[in-house]
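Residue numbering for the sequence shown follows the numbering used here, beginning at -10 and increasing consecutively.
Note that the Cβ used here is the ideal one computed from N, Cα and C, for glycine as well.
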Amino acid sequence: MQENPLAAGLGLPREPPPLSLVIFGASGDLTRRKLIPALFSLHMKGSAARMLITGFARRDWTTETFRARVRAMLDAEDAPAAPAAEKDAFAARVQFVRSSFEDREGYAALGAIAPDCPNRLFYLATPPDAYQSIAEHIREAGLSDQSRGYSRIIVEKPLGRDLASARALNESFASGFPEHQIYRIDHYLGKETVQNIMLLRFGNEIFEPVWNNRYVDHVQITMAETIGVEARGRYYEGAGALRDMIQNHMLQLLSLVAMEPPVDLDPDSVRDEKVKVLKSIKPIRADGVAAETVRAQYAAGIAEGTEVPGYRQEPDVAPDSSTETYAALRVSLDSWRWAGVPFLLRTGKRLSRRATEISVHFKRPPLNLFGGRARFSAQPNVLVLRIQPREGITLGFNAKIPGYASDMRTVAMDFAYGSAFAEDLPEAYERLLLDAMVGDSTLFMRKDEVDSAWQFVTGILEGWAEEGAAALSFYGAGSSGPEEASRLLASEERRWRRL
Ligand SMILES: NC(=O)c1ccc[n+]([C@@H]2O[C@H](COP(=O)([O-])OP(=O)(O)OC[C@H]3O[C@@H](n4cnc5c(N)ncnc54)[C@H](OP(=O)(O)O)[C@@H]3O)[C@@H](O)[C@H]2O)c1
């Protein structure tokens, strides 16, 4: 049989050692929506053959109840098709410990499960205020011991709500687990298209020479959602767009786009370079927020053809809430490579289109050779890295319109993951779980990355608090965001990419 050329290079095996995985918060939303589907996918690929999975939560469930739940999750309407026998086999491998996080006996029960298994991975799919107690109980029960294998914890966002609380949270893990045993997940880093940023930059010769302030005019990073706050009003009221999206996902994207080449692919070499970017961000403080930031909230409008309420009318949201559902920043990096190049970040809910993308906008050619004769002038080249949807890369460049005149138009060279590779992209959680199992922490955030990101964001939060709620703008649901965002462009020549 002829080999499918699109499958070349796919599916390189990464075999985790025998391990016991415990999911704290196994009756919660994250376990149902992300973790069980990801683990089942690993099971189907043969990467979970030597793994024992234990759910831990306080709900009155038994192992049988949990198995039935897991089986139902695999049968959900949006779950990928798989043979029933495989689903049964997977469900038969999970078990459940019913316990509160504060109860020592629950941890003793965990210790009794697979006592000879040398490797332990603990996933904290729980409210963050439980992290400290869980980490301490694990240590007390002797389950963080690494003398025979490894013991690691995976923790979820939010990792604090400002610099002080993030530091306190980091301290709380440190009592039970040293830094190299802690895996802080940002699921964005598990997306193929995000990992591809480094490959694009450092695996090709043609991009890196122009990846600097000589050729790049500015960079835009957009994370736009069409959905509103949905049922998460209570959480979102205490967070807002800056904490929810920019502090973690968007600053991670920024650091991957702006970093210097690492000396090698060792996790710490990569993260060292990312931290340098975060440290080079010029702080935005009280005297800078008015010029460098925009915050706004969605008002009622029409989203995807349906009338929708404004943020203040959503469930669990205060009628006079000043929480921002949209934030845009002009970020400057004090670095040799990027001095003078603005990084324009924007994120929002209830916008006209769902898109996560990074666009690198190049400068115009030094001489407008065709200006006099052409009816259309040359547009700057733009390289767009589409993180989602329609994952891929597009390069916009100018081409001559056929005919006798020298007219030109921007055309696109387009790479789409969907058509270039003969395989669906793996879910981010699948990749990240496997990485944690095999001990590759490259795609997890190190303590100093989280710290540097919070340092920057806390300056803005303090500036906003000083400025007061009057500085909040509004935009209609279903629109492309507030008018005020255009002032961050700081040039007639620049435009936000259309949403
Ligand atoms: N859901 C997502 O898509 C998502 C995305 C990104 C990050 N996260 C983060 O992931 C974490 C979990 O989110 P989630 O949405 O899954 O939360 P959730 O649905 O509220 O689930 C919380 C889980 O923790 C358990 N729990 C809480 N307090 C407990 C206690 N004292 N003792 C024992 N069990 C306890 C609950 O068990 P019982 O209900 O049985 O009591 C439940 O299983 C949070 O930090 C969240 O911010 C979630």
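Just verifying my parser: in three-state terms, what is the DSSP assignment at glutamine 368?
In the three-state DSSP reduction, glutamine 368 falls in the coil class, being neither helix nor strand.
By DSSP, does valine 297 sit in helix, in strand, or in coil?
strand
Looking at the unbroken alpha helix (DSSP H) that takes in isoleucine 186, where does it start and where does it end?
181 to 191
Taking only three categories from DSSP, how would you classify threonine 314?
coil
Looking only at C-alpha atoms, which of Ser36, Thr182 and Arg156 sits nearest to tyrosine 406?
From the listed residues Ser36, Thr182 and Arg156, the smallest Cα separation to tyrosine 406 is found for Thr182.
Taking just the CA atoms, how far does serine 30 sit from methionine -10?
Per-residue confidence for methionine -10 stands at a pLDDT of 47, beneath the threshold of 50, marking its modelled position as unreliable; no derived number is given.
Quick one: complete beta strand (DSSP E) runs, 3+ long, within the region 268 to 292?
Fully enclosed beta strand (DSSP E) runs of 3 or longer: 282 to 288 and 290 to 292.
Measuring CB to CB, does alanine 103 end up less than 8 Å from leucine 41?
yes
Near alanine 479, which residues of its chain fall below 8 Å by C-beta distance, leaving aside the five closest residues on each side in sequence?
Excluding positions up to five away in sequence, the list reads Arg319 and Pro331.
So which residues touch the region around ligand 1, with touch meaning a C-beta under 5 Å from any heavy atom?
Gly14, Ser16, Gly17, Asp18, Leu19, Ala46, Arg47, Arg48, Ser89, Phe90, Ala114, Thr115 and Glu145
DSSP beta-bridge partners for glutamate 346?
Note: glutamate 346 sits in a beta bridge opposite Thr211 and Arg375.
Could you tell me which of Ile273, Arg274, Ala247 and Ala275 sits nearest to glutamate 262, measuring between CA atoms?
Ala247
Looking at the structure shown, is threonine 447 part of a helix, part of a strand, or coil, going by DSSP?
DSSP places threonine 447 in helix when its eight states are reduced to three.
How is asparagine 357 classed by DSSP in three states: helix, strand or coil?
Residue state, collapsed to three classes: coil.
So, are the CB atoms of phenylalanine 55 and isoleucine 12 less than 8 Å apart?
Not closer than 8 Å, so no.
Based on Cα-Cα distance, which residue from Pro272, Arg486 and Ser468 lies nearest to isoleucine 449?
Closest by alpha carbon: Pro272.
Going by C-alpha to C-alpha distance, which of Ala401, Arg379, Trp453 and Gly381 sits closest to lysine 389?
Ala401
Alpha carbon to alpha carbon, what distance is there between leucine 245 and lysine 146?
19 Å
I'd like to check one pair, alanine 230 with glycine 149: are the Cβ atoms closer than 8 Å?
Not closer than 8 Å, so no.
Looking only at DSSP bridge pairs, what is valine 83 linked to?
Ile42
Tell me which same chain residues have a C-beta within less than 8 Å of the C-beta of glycine 392, skipping the five on either side of it?
None.
Quick one: is the Cβ of leucine 110 within less than 7 Å of any heavy atom of ligand 2?
Judged by which ligands are present, ligand 2 is missing from the structure shown, whose ligands are ligand 1.
What are the uninterrupted segments assigned as alpha helix (DSSP H) that are 4 or more residues long and contained completely in the region -2 to 25, given in chain order?
none
Starting from asparagine 387, follow its DSSP beta bridges and name the residues at the other end.
Thr399
With C-beta atoms as the reference, is arginine 326 less than 8 Å away from asparagine 201?
yes
Here's the rule I'm using: 16 or more other beta-carbon atoms within 10 Å means buried, otherwise exposed. How should serine 258 be labelled?
Here serine 258 is exposed. Its C-beta has fewer than 16 other C-beta atoms within 10 Å.
Take the Cβ of isoleucine 489 as the centre, count every other Cβ of all protein chains shown within 10 Å, and call the residue buried at 16 or more, exposed below.
Past the edges of the chain, shown from -10 to 488, lies residue 489, and the structure says nothing about it.
Quick check: what's the CA-CA separation for serine 161 versus tyrosine 120?
A straight-line Cα-Cα distance of about 8 Å links serine 161 and tyrosine 120.
Express the C-alpha separation of alanine 155 and leucine 113 in angstroms, rounding to a whole number.
Their backbone Cα atoms lie some 16 Å apart in a straight line.
In the DSSP assignment, find the beta strand (DSSP E) that holds leucine 422 and state where it starts and stops.
Unbroken run through leucine 422 is the alpha helix (DSSP H), 417 to 427; no beta strand (DSSP E).
Going by alpha carbons, who is nearest to glutamine 444 out of Ala81, Gly17, Leu152 and Arg21?
Comparing Cα positions, the closest option is Leu152.
Can you round the beta-carbon distance between leucine 340 and threonine 431 to whole angstroms, since I take them to be within the 8 Å contact cut?
Leucine 340 to threonine 431, Cβ: 31 Å. No contact.
Starting from the Cα of proline 117, find the closest Cα among Asn108, Glu419, Gln84 and Ile174 and give me that residue.
Ile174
In the DSSP assignment, what residue or residues form a beta bridge with serine 351?
It is worth fixing the name first, because residue 351 is phenylalanine in this sequence and not serine. Val205.
Among all the DSSP beta bridges, which residues are the ones paired with isoleucine 102?
Answer is none; isoleucine 102 lacks a bridge partner.
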